[in-house]
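Numbers 2 to 605, taken from the numbering used here, label the letters of the sequence shown in order.
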Amino acid sequence: MCGIVGYIGQKNTKEILLEGLKELEYRGYDSAGIAVLSGGVFNSFKATGKLINLEEKTKEFQTKGFAVGIGHTRWATHGKPTELNAHPHVGESSYVVHNGIIENYAQLKKNLIDEGVTFLSQTDTEVIVHQFEKNLKTTKNAFDAFKKTIKELEGAYAILLVTKAEEEKIFFAKNGSPMLVGINEANEKYFASSDAPLIGHATDVNYFEDGDYGYVSADEIIIYDKNDTKKAPHFAKLATNKLSAQKDGYRFFMEKEIYEQSDVIADTLLGRVSEKEVLFEELDASLFEGINEIKLCACGTSYHAALTASYLFERYAKVKSTVEIASEFRYREPIMSKETLFVVISQSGETADTLETLKMAKNAGLKTLAICNVDNSSMVRLADATILARAGIEKGVASTKAFATQVTIFWMLSLYLAKRNNTLTQAAIEKQLELLRALPLCVKVQDSMHERIKRLSKRYLHGHGFFFIGRDIFFPLALEGALKLKEISYLHAEGYPSGEMKHGPIALADPELFTIALLPEHLLYEKSKSNVEELSARDSTICAISPLAFDKADDFIETKKQKDYMLEFFEMMVVVQLLSLEISVRLGNDVDMPRNLAKSVTVE
Ligand code: M6R
2 MCGIVGYIGQ KNTKEILLEG LKELEYRGYD SAGIAVLSGG VFNSFKATGK
52 LINLEEKTKE FQTKGFAVGI GHTRWATHGK PTELNAHPHV GESSYVVHNG
102 IIENYAQLKK NLIDEGVTFL SQTDTEVIVH QFEKNLKTTK NAFDAFKKTI
152 KELEGAYAIL LVTKAEEEKI FFAKNGSPML VGINEANEKY FASSDAPLIG
202 HATDVNYFED GDYGYVSADE IIIYDKNDTK KAPHFAKLAT NKLSAQKDGY
252 RFFMEKEIYE QSDVIADTLL GRVSEKEVLF EELDASLFEG INEIKLCACG
302 TSYHAALTAS YLFERYAKVK STVEIASEFR YREPIMSKET LFVVISQSGE
352 TADTLETLKM AKNAGLKTLA ICNVDNSSMV RLADATILAR AGIEKGVAST
402 KAFATQVTIF WMLSLYLAKR NNTLTQAAIE KQLELLRALP LCVKVQDSMH
452 ERIKRLSKRY LHGHGFFFIG RDIFFPLALE GALKLKEISY LHAEGYPSGE
502 MKHGPIALAD PELFTIALLP EHLLYEKSKS NVEELSARDS TICAISPLAF
552 DKADDFIETK KQKDYMLEFF EMMVVVQLLS LEISVRLGND VDMPRNLAKS
602 VTVE
């Protein structure tokens, strides 16, 4: 989750940029940097880790008088979180910061290298500044060179570029990644990728639209739209509440994080899914040598992701897979074999029970792998190998986007292992890769769906309990749906395998028992349906979630027709998350900080 800031004015530019970056801290990052151009001289600083490291590096540096500056916080996607890969990226006499993905960077980079350009980083961003400088040599005009460069880029971006060729301007472009410019009465100009850094500085803001590009100087804001037509900025008053600005207009962090899932899944796939195979450059093939079993260990939501993984590993890669709740595993004197790969799953990487099981596995001499969202966390430091989820900072106590990225990783890993173990044909793998590529779109929240769930939620504020039911991987999803509801609504909810209801819980069925039935079209539909019919016959209130109409349901949330059950899984994941959110909102609960819970459970 990268962040961008920019400033043109007379104030202490360094301080303004650092302050702005601090406001973006809540999004998470692994490195940060600034570049300031003043009196014809560039000063640029970068540091990995926390912002304090950048503050430390810039301690001696002061700006006086007019300056232009740009800054960036980076969450690594292309290339590791090193100083060289941190933004701003430099050319001969220009600097650039960028959010998003330049999809055709490899081709542009190859052409530039062939022409003798040296690259310093592994990022896609660096091509922008070199391409700009190449164009500048022919156009001789910075704006023309910038415009030409933008037209050559494919992908999503928010870009700020500063250059000695036009010292008093910041060039900008926006396509698919957010960016705004703010003004105030002192004639200062502020850029940022969200409202938060501008609050207290700017009074009015213009939100750029996709395809907008242009430049800003002390006196002008020049904007062209995607058809190259000049347009006037459209200013709106800037909010004054920082916390609400951090939520980007959403009511809660949890809601924002549900909406972010499409982006963070795209980030998680980035560079890991080719036409032919799944690539994990962070994994050494030797990790799987001599392994005949995978044991997955976690707590809470991460445990549900692990359960999902066990189905996928056995189905696609034919590897025996077992799943353990960490707090149980650590005290039950488990038998550990060196042919077992021990996998811990954790959003935070700090959960005490999970961390302890990792230590136990290490002590027993097992090979270990961490699936984690926080680089440098205790688990990442301890495990032999790590696959980082790229969910960005998750603020809502109820985990949503971290779960989405964990399951995405496990789906990828099952295909990686299937290829290695020769358990799926190449054609079958390629079909799965196509589905993976469709995933970001599949989890995009549809307004109509959210509205329907909002309306429906009013019928589910009471009752003596909820049963979320599903079969196969929809059973862990049922567990996850029930956990979400429990956490933030304080209503009793259980996740259950659909086929298991008749072995006891069906005794509870009456109109006040709410069954949330996961009915995917492409996985055991008829079997799941008949389980729900059994509950409906006993008068349980049924809310069916399915792409197929179901006449025994009291309520029906229609999902899209998908090509495969994995896509149905992810779409239904969004539905159960939104349902819990809306029930909690109606009950007036604190969605982001539910009672009795902490985001990271670092005690036993
Ligand atoms: O950071 P971790 O993934 O290790 O956390 C594990 C659980 O504490 C966590 O998933 C918890 O269940 C969440 N509140 C679920 O929403």
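Even glycine gets a Cβ: it sits at the ideal position worked out from N, Cα and C.
The beta carbon of Met255 lies closer than 7 Å to those of Gly397, Ala399, Thr401, Leu582, Val592 and Asp593 in the same chain, with the five residues before and after it left out. For Lys257, the closest C-alpha among the options Lys248, Ala384 and His131 is that of Lys248.
With a threshold of 16 other beta carbon atoms within 10 Å, Lys190 meets it and is buried. Assigned with DSSP and collapsed to three states, Glu325 falls in strand. Between the region 500-516 and the region 478-490, the count of Cβ pairs shorter than 8 Å is below three; the stretches do not touch. Look at Ala87 here: in three-state DSSP terms it is coil, with no helix or strand label. The alpha-carbon separation between Asp552 and Val577 amounts to approximately 21 Å. Here the region 373-380 does not lie against the region 221-241, with fewer than 3 beta-carbon pairs under 8 Å apart.
Around Asp540, the same chain offers Ala510, Asp511 and Pro512 as residues with beta carbons nearer than 8 Å, after the five sequence neighbours per side are excluded.
Burial check for Ala362: the Cβ neighbour count within 10 Å reaches 16 or more, so the residue is buried.
Per DSSP, the continuous alpha helix (DSSP H) segment holding Asn112 begins and ends at Tyr106 to Asp115. With respect to the 9 Å criterion, Gly101 and Ser178 are classified as neighbours on the basis of their beta carbons. Those residues having their beta-carbon less than 5 Å away from any non-hydrogen atom of the ligand M6R are, in chain order, Cys300, Gly301, Thr302, Ser303, Ser347, Gln348, Ser349, Thr352, Ala399, Ser400 and Val602. Residue environment analysis places His305 among the buried positions, since at least 16 neighbouring C-beta atoms fall within 10 angstroms of its C-beta. By the Cβ-count criterion, His90 is buried, with 16 or more other Cβ atoms from all chains shown falling within 10 Å of its own Cβ. Ranking Ala403, Glu325 and Ala174 by CA distance to the CA of Asp226 puts Ala174 first.
Between Gly21 and Leu199, the gap from beta carbon to beta carbon is short of 9 Å. The DSSP-derived three-state label of Thr140 is helix. One alpha carbon belongs to Tyr497, the other to Ala483, and they sit about 9 Å apart. Under a 10 Å Cβ-count criterion, Gln348 is classified as buried, with 16 or more other Cβ atoms of the shown protein chains found around its own Cβ. For the set Ala146, Phe404, Glu495 and Gln11, the Cα lying nearest the Cα of Phe515 is the one of Glu495.
With contact defined as three or more Cβ pairs closer than 8 Å, the region 439-447 and the region 294-312 are not in contact. Three or more pairs of CB atoms, one per stretch, sit closer than 8 Å, so the region 67-87 contacts the region 4-24.
In the assembly as shown, Arg382 is an exposed residue. Its beta-carbon has fewer than 16 other beta-carbons within 10 Å. Excluding residues up to 5 positions away in sequence, Thr352 lie with their Cβ nearer than 6 Å to the Cβ of Val602 in the same chain. Per DSSP, reduced to three states, the secondary structure at Cys544 is strand. For Ala429, the closest alpha carbon among the candidates Tyr317, His493 and Val324 is that of Tyr317.
A check of alpha carbon separations from Lys296 across Glu325, Glu315, Asp268 and Ala146 identifies Glu325 as the nearest. Within the same chain, Cβ atoms closer than 6 Å to the Cβ of Ala554 are found at Ile543 and Ala545, the five residues on either side in sequence being excluded. Phe557 carries a strand assignment under DSSP once its states are collapsed to helix, strand and coil. Between Ile223 and Cys298, the CB-CB gap reaches or exceeds 9 Å.
In this structure, Ser458 sits near Ile584, with a CB-CB distance shorter than 9 Å. Spatial neighbours of Phe411 in its own chain (CB-CB distance under 7 Å, excluding positions within 5 residues in sequence) are listed in chain order as Ala306, Thr309, Ala310 and Leu313. By the Cβ rule, the region 403-419 counts as touching the region 562-578, because three or more pairs are nearer than 8 Å. In the DSSP assignment, Arg75 forms a beta bridge with Ser32.
In terms of Cα proximity to Leu137, the closest of Tyr216, Gly156 and Ala166 is Ala166.
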